[in-house]
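Chemist:
4 protein chains.
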Amino acid sequence: MLQSAVRIFAERGYQATTIRDIVSDADVAIGTFYFYFPDKETLFVHLYEETADFLIQTLQQAVNSRSSFPQQVKAVLQSYVSIAVFEPAVVELLLVAGVGTVPALAEKRAVFREKLVQIWQRPLSEAMDRNFVPLQNERQTAVALTGAIDQVILGMLAEADRDEIADGVVQDMTRFVLRATGHYGEQGK
Amino acid sequence: MLQSAVRIFAERGYQATTIRDIVSDADVAIGTFYFYFPDKETLFVHLYEETADFLIQTLQQAVNSRSSFPQQVKAVLQSYVSIAVFEPAVVELLLVAGVGTVPALAEKRAVFREKLVQIWQRPLSEAMDRNFVPLQNERQTAVALTGAIDQVILGMLAEADRDEIADGVVQDMTRFVLRATGHYGEQGK
Amino acid sequence: MLQSAVRIFAERGYQATTIRDIVSDADVAIGTFYFYFPDKETLFVHLYEETADFLIQTLQQAVNSRSSFPQQVKAVLQSYVSIAVFEPAVVELLLVAGVGTVPALAEKRAVFREKLVQIWQRPLSEAMDRNFVPLQNERQTAVALTGAIDQVILGMLAEADRDEIADGVVQDMTRFVLRATGHYGEQGK
Amino acid sequence: MLQSAVRIFAERGYQATTIRDIVSDADVAIGTFYFYFPDKETLFVHLYEETADFLIQTLQQAVNSRSSFPQQVKAVLQSYVSIAVFEPAVVELLLVAGVGTVPALAEKRAVFREKLVQIWQRPLSEAMDRNFVPLQNERQTAVALTGAIDQVILGMLAEADRDEIADGVVQDMTRFVLRATGHYGEQGK
DNA sequence: TATGAATGAGAATTCATTCAT
DNA sequence: TATGAATGAATTCTCATTCAT
């Protein structure tokens, strides 16, 4: 049922999704839904959190598995793009389905956005400390990077041949991030 | 009534806004709404288009009024940030209220996003032609820039002291954009 | 405006006709309608009565202009069919548009039906008195005749070539009425 | 709920009947209505068809159960009058409630009227073939008979003592039909 | 006389939620 | 655990009617 819910929410958005949509897709009765979840909102928030955790952890692991900034950037982008290709519903749910809907979600969204920012801010801070990137408002840069990448990922989801353009996207965006952070490696300081 | 509608839509999003919300805010009767607009969706799409045109034209004028790439970047950012400070509802409506709602809006949103991308892509192409920025996937860069800036603008809207931080945001983001496009001026090629 | 009203009411029926339909067809403002008529219902009842009077008087004159029963029958049918051909809206209004709608009309309808019955009952009574037709429940016969003729007239209205079949209908129905009343002339008593 | 619906529709007509009328008469909630039927129109059309089928089958069986034309006429009239006495709502629904309302019903009404005409036309054709009635436009006669009988039946419904006058109506109308078709039996050819 | 912007009661319909089984 | 018939508050939209100009 959770599988169905994620997919349907991702496809139609929170408001346009009815409980009946979900349970009929999952082939259970409406009562069954309310046996497991108190209401529609709770389910959505739950799914959002779970999905957000999955994405954040995946990206964080990508960061942790590398040591140099450029490698971290590339690893994060590869992970994110990979999820967009293989689990588009996850991305859709996080970036689209929950925008401007239930008030209870606002805080969860803020937490998710903040964690996403931290994914970028921490490696960036470290790179700044080591003088691999110039002084800058590191938080602002990190916020901007999350927006930049999400937008590109959303663009990918709209394309039919997502899997084929994935590598190009990773390459282009890796360069974008390194340029945007002013990483000296690229400019050859 | 249009004023009310923009503000309420911006505050609560399309779905959560009821006709009653709008008319009671505008202090008119429900019938009055339907005297001027055929339905809720038409009104929203109309407001979205009008608002989108306003934003796009303002940003385009900012581009046209300058000749050098860095000046164009700064002018666009100043315009955008200015709108965010003085007309936050406009930004909220365009970036949040219409996400994932009515099908009729999807196309309008796509058109708006595309125009926003063009705002950046055209100056960037020109700069690339003149060798002021390195070779790059200029469309991808432009898409990423729109995402980056929107995200930062949205962050601004969440702050109480929007007007005070506006200048800093413009400065930081100008640098971000110049770095992200690889503009040589800043790095002193 | 009355012209428009009759036509529109006849076309769409009472409920489906809006004041706006009528006034826009008559090219006047809504306010003008309410200057002349207190409300929709009053207009309809007024039109119904006027139209009913016109039909009844026309048919009554047809009766009065002839002396023998068969001639009276034929004259009434010719008049009725003629109205159906040249003023179909009149017939539509009386037989269809006002069925099962406003309570205030029920009485008017009853009066109209009764007059229609009298159109047939009076000549029939006279013919019975003179032994031109057999003894019968003359009222029942008259009621049945009105139903029979209305049904045939309604059938005519549905045909495209109303004017061409009109004569045949008059002939067939004249025979029908003479048979149905048991008029001896036809059977040659 | 179906019982309620038929009665209320019959009493007030399609347009004047609200869903609330039906459900409050049936003592269920509005949602219950929409659980069983997609909308008001569908329900009405459904009831109309079902009711029409019932009436047509009943009348057809009356025809089939007799062999001579006069007996067939009497049997049909007895059946029809009987339904009018015991199920007045059925007749009201078919003859009044659905006149000039929903477009979707127009076709169903036409089909019903045609079947009603056939009820009379078939026995009449047979009688004509056997020279029991004179040559005539048999279709026109059949159409007229349906109108005549419906009108008389509607007159019955308006009377309080329906059950007491029923037999008289059957007798009078049997004679009417036999006369109207020119059946020789009555005139003693 | 004539206008038409404004009104708001009322109708159809949706859908999250409940609860007896 | 699981069901699904039943509920009714809430929403969109219509349209007869009013009234200031």
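Protein chains in written order, with my numbering: chain A, 1 to 189; chain B, 190 to 378; chain C, 379 to 567; chain D, 568 to 756. C-beta atoms are modelled at their ideal positions from N, C-alpha and C, and glycine is treated no differently. Treat the numbers as computed from the prediction; the structure is a model and nothing was measured.
1) Kindly indicate if chain D contains any beta-carbon less than 7 Å away from that of Gln499 of chain C.
2) Residues in the segment 71-95 of chain A with C-beta within 7 Å of chain B's C-beta atoms, listed in sequence order?
3) Give the DSSP-derived three-state secondary structure of Asn509 of chain C in the structure shown.
4) Between the Cα of Arg500 of chain C and those of C:Asp405, C:Leu437, C:Ser402 and C:Phe415, spot the shortest distance and give me the residue it belongs to.
5) Beta-carbon separation of Leu471 of chain C and Ala394 of chain C under 7 Å?
6) Span of the alpha helix (DSSP H) holding Thr32 of chain A?
7) Run through DSSP, which three-state label would His424 of chain C get?
8) Please report how far the alpha carbon of Gln381 of chain C lies from the alpha carbon of Arg676 of chain D, in whole angstroms.
9) Between which two residues does the alpha helix (DSSP H) harbouring Val744 of chain D extend?
10) Kindly list, in the order they appear in chain B, the residues whose Cβ is closer than 7 Å to that of Thr141 of chain A.
11) For Asn326 of chain B, name the three-state secondary structure that DSSP assigns.
12) Within its chain, find whatever has a CB closer than 7 Å to the CB of Phe636 of chain D; leave out the 5 residues flanking it on each side and keep chain order.
13) Buried or exposed for Thr207 of chain B, going by 16 or more other Cβ atoms inside 10 Å?
14) Roughly how many angstroms separate the alpha carbons of Val477 of chain C and Val90 of chain A, rounded to a whole number?
15) So is Ile219 of chain B buried or exposed if we call it buried at 16+ other beta carbons inside 10 Å?
16) If you count every other CB in all the chains shown that lies within 10 Å of the CB of Leu367 of chain B, and 16 or more means buried, which is it?
17) Cα-Cα, which of A:Ala104, A:Ala160 and A:Phe176 is closest to His46 of chain A?
18) In terms of residues, what are the limits of the alpha helix (DSSP H) holding Ser649 of chain D?
19) Any C-beta of chain D within less than 7 Å: which residues of the segment 386-414 of chain C qualify?
20) Consider the Cβ of Ala148 of chain A: report whether some Cβ of chain B lies at a distance smaller than 7 Å.
21) Is any beta-carbon of chain B found at less than 7 Å from that of Gln151 of chain A?
22) Which one of B:Glu230, B:Asn326 and B:Ala347 has the shortest CA to CA distance from Ala369 of chain B?
23) What does a CB cutoff of less than 7 Å around Ala268 of chain B pick up in its chain, not counting 5 residues either side in sequence?
24) By the three-class DSSP mapping on this structure, what secondary structure does Gln121 of chain A have?
25) Thinking Met362 of chain B and Val341 of chain B are a contact (beta carbons under 8 Å), I'd like their distance in whole angstroms, please.
26) Does DSSP put Tyr184 of chain A in a helix, a strand or coil?
27) Could you tell me whether the Cβ of Asp161 of chain A comes closer than 7 Å to any Cβ of chain B?
28) If you reduce the DSSP assignment to three classes, tell me which class Thr206 of chain B lands in.
29) Whole angstroms is fine: what's the gap from Asp730 of chain D's alpha carbon to Gln738 of chain D's?
30) DSSP state of Arg444 of chain C, grouped into three classes?
31) How would you call Val300 of chain B, buried or exposed, if buried means at least 16 neighbouring beta carbons within 10 angstroms?
32) Between the Cα of Asp717 of chain D and the Cα atoms of D:Ala673, D:Asp728 and D:Val736, which residue gives the shortest distance?
33) Which residue wins for smallest C-alpha separation from Phe464 of chain C, given the options C:Ala538, C:Ala526, C:Phe554 and C:Ala383?
34) Quick check on DSSP: helix, strand or coil for Glu726 of chain D?
35) Sort A:Asp39, A:Arg66 and A:Pro88 by Cα distance to Leu55 of chain A and report the nearest one.
Modeler: Let me lay it out:
1) no
2) none
3) coil
4) C:Leu437
5) no
6) Ile30 to Tyr36
7) helix
8) 29 Å
9) Arg729 to Thr748
10) Phe365
11) coil
12) Pro690, Ala694, Phe699 and His750
13) exposed
14) 59 Å
15) exposed
16) buried
17) A:Ala104
18) Phe636 to Phe653
19) Gly391 and Gln393
20) yes
21) yes
22) B:Asn326
23) The amino acid occupying residue 268 of chain B in the given sequence is Ser; Ala does not appear at that position. Closer than 7 Å at the Cβ level, and outside the excluded window around Ser268 of chain B, lie Thr247, Leu248 and Ala251.
24) helix
25) 6 Å
26) helix
27) no
28) coil
29) 14 Å
30) coil
31) exposed
32) D:Val736
33) C:Ala538
34) coil
35) A:Pro88
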